[in-house]
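Peer 1: Sequence order for the protein chains is A and B. Add 10 to the 1-based position in the first sequence for the numbering used here, that's all there is to it. Add 133 to the 1-based position in the second sequence for the numbering used here, that's all there is to it. Yeah, the Cβ is synthetic: ideal placement off N, Cα and C, and Gly gets one too. Below are the structure tokens for one structure; questions will follow.
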Amino acid sequence: MNADVRPVFERGVRLRTEDDGSAMLLVPEGAIKLNASAAAALALVNGERTLDEIITAICTRFDVADSRARDDVTTLFERLRMRRLLVLP
Amino acid sequence: MTEVRPLSLLCELTYRCNLQCPYCYNPLDLDGYRDELDTATWQRVIGEAADLGIVQLGFSGGEPTLRRDLGALIGTAASRGLYTNLITQGTFLDAARIAELAHAGLDHIQISLQAPERELADSIAGTVVHERKLEAIARVQQSGMALTLNCVLHRNNHDSIADVIDLAVSFGVRKLELANVQFYGWAYRNRGGLMPTREQVERGLQIATEAKRRLAGQLEIVYVLPDYFENRPKACMHGWGRAFMTVAPNGRAMPCPGAAAIASLDFENVRERGLAYIWNESSAFTAYRGTNWMPDPCRTCDRREIDWGGCRCQAFALTGDAGAVDPACELSPNHDVIVALRATGDRHPTLVPRRMREAASAL
């Protein structure tokens, strides 16, 4: 996955954060429960930030190695792209 | 006990529909649902749903676009942050209506198809609709709104799955549901004529699986298995009273859209009770929640929190006891009933078209 793609949600996909801090991705006729790091990565998706910027932010926030954050974030994004919930232009 | 919270509410706004699909899961006594909830009551219910933590709202029926207040109801839901889905057959979606619903905040539309080509589609729907549906699909795609196509599969259209997939690809839609017919309501009445053959079911799965691989990243395909041909039951509604609520056009609140058929249960009405009471305390919602109600062998089954005992409506329809093991399970003492029903796929009884007024004679 190219480091300077700027991920953006497809129409009809929304991140929802609950009062207790938990989050889910609302999609057509469904809701995907998210763990804290997935929710943090998706909260940064706005069509402007690059994949690299999102990974760097996750490294800082969760104190994990760059390679680990890169694997996790690209796996998540790729999974959502395959379901046509996320665009990686 | 961990808190059980509903995530999804299906608002069945009306059972009126201009189509006559014999596989409809609506109840046979459609005429008994003409006293529909008014706009203000639906808006109160939607507010109660948001208070209860529900995040997904479906508007369905019948044909929900027959309600002129659909846009207003979507607006109420959107103002409370709810995700809204419109489940429609699409024949009333002209450009102005699509714009109105999008403006109100609609997130997603699902349009049903009867078949990939006009002659077969119109014969299944019992009226001329296919071309109008194709026009609606093109318009929704043009609007940019999230769109899913859905095709209910049965004996008369099962062999055209590949063409349904091609049609979805040609429109560039994101998601296609190929749903083997489930036998509730009119579909249960017509099961003899709708039951696919085992060959159709197996070939359909093969085609869908191959297309899923080939089209990954382009078109998401969901193939809903026919549980009459499975060895274990489906996790119906993710468990009774665990995630879903349905409100019928007359205000009756149920754990699933088919539950009205369970004569042994007493369902509360949203005209008299709030959704929170109905979810947390009503006898119908608590009757089969969790695992305590389960008979053997469900009670000790290692899948009891995977399939939640299967489908209560199916247990009632086939055994007369909503608390029985779902006969779709090969461990059910009544599994032979399902096995015998599979064989009706070899016969060709006449299908009774779904109609409002002639329901009594159809019974």
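Along the stretch 239-261 of chain B, where does the CB come closer than 8 Å to a CB of chain D? Name the residues.
Peer 2: The question asks about chain D, but that chain is absent: this structure's protein chains are A and B.
Peer 1: If I measure Cβ to Cβ from Thr281(B) and keep anything under 6 Å in the same chain, skipping five residues before and after, which residues do I get?
Peer 2: Result list for Thr281(B): Gln243 and Lys308, in chain order.
Peer 1: Taking the C-alpha atoms as reference points, what is the distance between Asp142(B) and Thr172(B)?
Peer 2: In the sequence on display, residue 142(B) carries Leu and not Asp. Computed Cα separation, rounded: 16 Å.
Peer 1: Under 6 Å Cβ to Cβ from Arg437(B), same chain only, skipping five residues before and after it: list those, please.
Peer 2: Excluding residues within five positions, the ones whose Cβ falls inside 6 Å are Thr424 and Cys431.
Peer 1: Strictly below 8 Å CB to CB, what residues from chain A border Gln189(B)?
Peer 2: Neighbours of Gln189(B) on chain A, chain order: Leu36, Glu39, Gly40 and Ala41.
Peer 1: How big is the Cα-Cα spacing for Met153(B) and Thr27(A)?
Peer 2: First, the residue type needs correcting, since residue 153(B) is Gln and not Met in the sequence shown. About 42 Å.
Peer 1: Our contact map puts Leu234(B) next to Ala210(B) with C-beta atoms below 8 Å; I'd like the distance itself, whole angstroms only.
Peer 2: Going by Cβ atoms, the distance from Leu234(B) to Ala210(B) rounds to 12 Å, so no, they are not a contact pair.
Peer 1: By the three-class DSSP mapping on this structure, what secondary structure does Gln333(B) have?
Peer 2: DSSP places Gln333(B) in helix when its eight states are reduced to three.
Peer 1: By the 7 Å beta-carbon criterion, what residues does the stretch 270-285 of chain B contribute toward chain A?
Peer 2: So the close ones are Gly277, Met278, Ala279 and Thr281.
Peer 1: For Ala271(B) and Tyr356(B), what's the separation of their Cα atoms in angstroms?
Peer 2: In a straight line, the C-alpha of Ala271(B) is about 23 Å away from that of Tyr356(B).
Peer 1: Pick helix, strand or coil for Ser32(A), following the three-state DSSP scheme.
Peer 2: Looking at Ser32(A) - three-state DSSP - the assignment turns out to be coil, as it is neither helix nor strand.
Peer 1: Check each candidate in Ala41(A), Leu95(A) and Val97(A) and name the one with the smallest Cα separation from Phe377(B).
Peer 2: For Phe377(B), the nearest C-alpha among the options comes from Ala41(A).
Peer 1: Does Asp89(A) have its Cβ less than 7 Å from a Cβ in chain B?
Peer 2: The displayed chain sequence assigns Arg, not Asp, to residue 89(A). Not one chain B Cβ lies under 7 Å of Arg89(A).
Peer 1: Nearest chain A C-beta to Tyr158(B) closer than 7 Å, yes or no?
Peer 2: Taking Cβ atoms only, chain A never reaches closer than 7 Å to Tyr158(B), which makes this a no.
Peer 1: Out of curiosity, what's the CA-to-CA distance linking Arg93(A) and Glu310(B)?
Peer 2: Cα to Cα, Arg93(A) sits roughly 13 Å from Glu310(B).
Peer 1: Compare the C-beta of Glu353(B) with all C-beta atoms of chain A and state if any pair is closer than 7 Å.
Peer 2: By this cut-off, Glu353(B) is an interface position.
Peer 1: Going residue by residue through the stretch 244-326 of chain B, where are the continuous beta strand (DSSP E) segments of at least 3 residues, counting only ones entirely within it?
Peer 2: Fully enclosed beta strand (DSSP E) runs of 3 or longer: 279-286 and 308-313.
Peer 1: Do you know offhand how far Leu464(B)'s Cα is from Gly238(B)'s?
Peer 2: Cα to Cα, the separation comes out at about 46 Å.
Peer 1: Take every Cβ of the stretch 155-171 of chain B, pair it with every Cβ of the stretch 76-90 of chain A, and state whether three or more of those distances are shorter than 8 Å.
Peer 2: Not touching, per the Cβ criterion.
Peer 1: Give the range of the alpha helix (DSSP H) segment to which Ser77(A) is assigned.
Peer 2: Note, Ser77(A): alpha helix (DSSP H), Asp76 to Met92.
Peer 1: Out of Asp454(B), Tyr321(B) and Arg347(B), which one is the CA nearest neighbour of Val302(B)?
Peer 2: Among Asp454(B), Tyr321(B) and Arg347(B), the Cα nearest to that of Val302(B) is on Arg347(B).
Peer 1: Comparing alpha-carbon positions, which option in Leu54(A), Ala75(A) and Lys43(A) lies nearest Phe102(A)?
Peer 2: Summary: the structure shown does not reach residue 102(A), with chain A confined to residues 11 through 99, and so no result is reported for it.
Peer 1: Going by other Cβ atoms of all chains shown within 10 Å of its Cβ, with 16 needed for buried, is Asn290(B) buried or exposed?
Peer 2: By the 10 Å Cβ count, Asn290(B) comes out buried.
Peer 1: Could you tell me whether the Cβ atoms of Asp109(B) and Ala448(B) are closer together than 7 Å?
Peer 2: It is not possible to answer for residue 109(B), since the shown part of chain B is limited to 134 through 496.
Peer 1: According to DSSP, is Leu152(B) helix, strand or coil?
Peer 2: Leu152(B): coil per DSSP, three-state reduction.
Peer 1: Taking 7 Å as the CB-CB cut-off, is Thr27(A) touching chain B?
Peer 2: Chain B contact via Cβ: absent.
Peer 1: Starting from the Cα of Pro382(B), find the closest Cα among Asn402(B), Leu398(B) and Leu246(B) and give me that residue.
Peer 2: For the residues Asn402(B), Leu398(B) and Leu246(B), the minimum Cα distance to Pro382(B) belongs to Asn402(B).
Peer 1: Please confirm if Gly204(B) has its CB atom under 7 Å from at least one CB of chain A.
Peer 2: Not an interface residue.
Peer 1: At 4 residues or longer, and completely inside the stretch 192-240 of chain B: list those alpha helix (DSSP H) runs for me, N to C.
Peer 2: For the stretch 192-240 of chain B, whole alpha helix (DSSP H) runs of length 4 or above, ordered along the chain, are 203-212 and 228-237.
Peer 1: Under three-state DSSP, which class holds Cys446(B)?
Peer 2: Reduced to three states, the DSSP call for Cys446(B) is helix.
Peer 1: What's the gap between the Cα of Ile231(B) and the Cα of Pro99(A)?
Peer 2: Rounded to whole angstroms, Ile231(B) to Pro99(A) spans 27 Å at the Cα level.
Peer 1: Which one of Leu146(B), Arg251(B) and Pro155(B) has the shortest CA to CA distance from Arg201(B)?
Peer 2: Nearest of Leu146(B), Arg251(B) and Pro155(B) to Arg201(B), Cα basis: Leu146(B).
Peer 1: For Ala79(A), which residues in the same chain have their Cβ closer than 6 Å to its Cβ, ignoring the five residues on either side in sequence?
Peer 2: The answer, listed in chain order, is Ile65, Ile68 and Cys69.
Peer 1: Just mark Pro482(B) as buried or exposed, buried being the case when its beta carbon has 16 or more other beta carbons within 10 Å.
Peer 2: Burial call: exposed.
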